[in-house]
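Working notes, beginning with the structure itself.
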Amino acid sequence: MSTAAVTDKRPGSLSGARLPKWSPWAIAAGSVAVAVGIGLGAGLDSEIQWGLIAAILFVLGTYGIAARVEGRRQAKDRVATSLVWVAFLLAVVPLVSLVWTTLSRGVQVLDVHFLTHSMGIVADSETGGGIYHALIGSLEQVGFATLMGAPVGVLTAIYLVEYGRGRLARSVTFFVDVMTGIPSIVAGLFILSLMLILKLEPFGFAGSLALAILMMPVVVRSTEEMLKLVPNELREASLALGVPKWRTILKVVLPTAIGGITTGVMLAIARIAGETAPVLLLVFGNPFINNNPFEGAQASLPLYIYQQYAAGGDPAYDRAWAASLTLIAFVMILNLVARGIARWKSPR
1 MSTAAVTDKR PGSLSGARLP KWSPWAIAAG SVAVAVGIGL GAGLDSEIQW GLIAAILFVL
61 GTYGIAARVE GRRQAKDRVA TSLVWVAFLL AVVPLVSLVW TTLSRGVQVL DVHFLTHSMG
121 IVADSETGGG IYHALIGSLE QVGFATLMGA PVGVLTAIYL VEYGRGRLAR SVTFFVDVMT
181 GIPSIVAGLF ILSLMLILKL EPFGFAGSLA LAILMMPVVV RSTEEMLKLV PNELREASLA
241 LGVPKWRTIL KVVLPTAIGG ITTGVMLAIA RIAGETAPVL LLVFGNPFIN NNPFEGAQAS
301 LPLYIYQQYA AGGDPAYDRA WAASLTLIAF VMILNLVARG IARWKSPR
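Take the sequence shown: its letter number 208 is residue 208 in full-length UniProt numbering, and every next letter is one higher.
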């Protein structure tokens with residue numbers, strides 16, 4: 001008998017038995033059926049409990065069947081794959097549930113009238129009204145925060161990557177890390193303390209200052225990582241031609257990383273667009289339209305959602321869900337724009 005023939009008969013060889021490609025789906029279907037039976041038999045009313053039982057049965061069933069047919073080594077690999085899929089579903093199911101709930105409840109009052117009218121003289125317990133005043137406030141506050149936070153964040157990242165050396169660079173990196181995890185309420189309290197010292201009344205631009213503080217570390221971190229991905233060969237080639245370093249950064253480094261930088265800025269904007277605590281402290285809310293962010297209280301979408309939900313009653317709840325759907329759509333549009341710009345500007 002040849003050596004090749006002996007090798008083919010060894011357990012766990014490449015010619016060994018394997019489960020069909022549809023086996024994970026069959027195991028998953030069986031796990032769900034058994035979990036439903038256990039849930040009904042045990043009197044479990046929660047579908048979440050059924051899902052958790054099905055996930056456990058899926059992992060155990062995958063290992064048992066794969067170990068019997070393919071061997072323990074291949075069974076461990078299939079179990080690892082099963083755990084990845086279970087973790088994926090555990091992350092996706094709440095997200096899908098949230099989006100579906102917001103969509104199904106938000107479309108009830110979301111129309112052109114809702115987007116083009118303010119609350120004005122409409123009481124929270126009455127039907128009607130809209131979010132036009134909150135849209136104006138959010139766009140102005142987030143816009144001014146972006147004009148302040150994005151340039152500072154990008155320039156700080158350029159300093160850390162291209163020039164930063166020694167204690168100053170390490171100190172800047174440390175404080176950026178600290179600011180990344182700072183609660184939004186702390187940024188609002190900082191600006192509020194300055195307002196109390198200067199004896200200022202609530203106004204929209206104060207909220208922009210707090211949002212800019214929250215935005216800057218996110219922009220610094222994302223821009224810094226994008227700049228580090230630029231090959232050093234590009235910098236060295238430019239410098240070898242006698243081009244000054246500042247011009248190399250402006251003409252070579254930034255255009256190469258502009259797609260990732262833009263994506264980071266857009267994600268930072270999406271992050272601050274949903275902040276409520278600093279806006280509640282500094283902007284205070286206003287049911288009427290105020291187009292001037294430098295004078296008087298303003299509204300914003302997150303603050304509007306909070307106030308409507310706190311007011312209670314079906315009309316207020318419907319407006320809160322519709323405003324939530326609008327905010328989700330705004331963040332989704334920002335993410336799509338960021339992905340489009342990143343693909344458009346990515347190096348070929």
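From the three backbone atoms N, C-alpha and C, an ideal C-beta is built for every residue, glycine too.
Rounded to whole angstroms, what is the Cα-Cα separation between residue i and residue j?
i           : j    : result
S193        : L327 : 29 Å
P202        : P287 : 14 Å
L227        : V176 : 16 Å
R104        : L95  : The displayed chain sequence assigns Ser, not Arg, to residue 104. Whole-angstrom Cα-Cα distance: 14 Å.
M266        : G129 : 30 Å
I197        : Y309 : 33 Å
A268        : P151 : 12 Å
A145        : V107 : 30 Å
A75         : G64  : 8 Å
T101        : V36  : 24 Å
D77         : I213 : 46 Å
R73         : E140 : 59 Å
L325        : I191 : 29 Å
F88         : L60  : 17 Å
V69         : W22  : 15 Å
V283        : V32  : 50 Å
I38         : Q307 : 43 Å
E275        : I305 : 11 Å
G204        : L98  : 30 Å
L254        : P231 : 12 Å
D45         : V79  : 29 Å
G71         : V161 : 50 Å
L334        : G43  : 45 Å
L147        : L336 : 21 Å
K245        : G164 : 14 Å
V186        : R167 : 27 Å
residue 356 : I182 : No answer is possible for residue 356: the residues shown for the chain start at 1 and end at 348.
T116        : L280 : 23 Å
E236        : A169 : 22 Å
A157        : S171 : 13 Å
L229        : N291 : 42 Å
V122        : A329 : 25 Å
On a CA-only basis, which of the options is nearest residue i? Give me that one, please.
i           : options                : result
A26         : A66, V331, L52, L44    : A66
A338        : G259, Y159, F190, L196 : G259
V331        : R167, I213, T263, G37  : T263
Y159        : G64, E225, I56, T62    : E225
residue 352 : I191, L241, W85, L282  : The displayed coordinates of the chain run from 1 to 348. Any statement about residue 352 would go beyond what the structure contains.
L155        : I261, S171, I121       : I261
F29         : P278, W50, V186        : Per the sequence shown, the amino acid found at residue 29 is Ala instead of Phe. The option with the nearest alpha carbon to A29 is W50.
A134        : E126, M148, S118       : S118
A257        : W344, N335, T180       : W344
M179        : L200, G204, G153       : G153
R221        : I182, V186, T173       : T173
A55         : L83, I333, L254, I305  : L83
T127        : D318, L336, A329, L334 : D318
E47         : L336, L250, V93, T81   : V93
G296        : G164, L115, L200, P244 : L200
P24         : I53, T81, L52          : T81
L90         : L250, F114, L52, T116  : L52
Cβ of residue i within 8 Å of Cβ of residue j?
i    : j    : result
L211 : V142 : yes
G285 : L303 : yes
L241 : V252 : no
G188 : A320 : no
S238 : T248 : yes
L19  : V34  : no
Assuming the contact rule is C-beta atoms closer than 8 Å, residue i and residue j should be a hit. Round their C-beta distance to whole Å, please.
i    : j    : result
P293 : S208 : 7 Å
A316 : D124 : 5 Å
M216 : A206 : Not quite, the Cβ-Cβ distance comes to about 17 Å (not below 8 Å), so this is no contact.
L219 : G149 : In the sequence under discussion, the amino acid at residue 219 is Val, which differs from the Leu named in the question. Correct: roughly 6 Å between the Cβ atoms.
G137 : Q298 : 4 Å
A322 : L110 : 4 Å
Y132 : I341 : 28 Å between Cβ atoms; not a contact.
According to DSSP, is residue i helix, strand or coil?
i    : result
Q108 : coil
F288 : coil
G129 : coil
S2   : Low confidence applies here, because S2 scores a pLDDT of 45, under 50, leaving its location unreliable and the question unanswered by this model.
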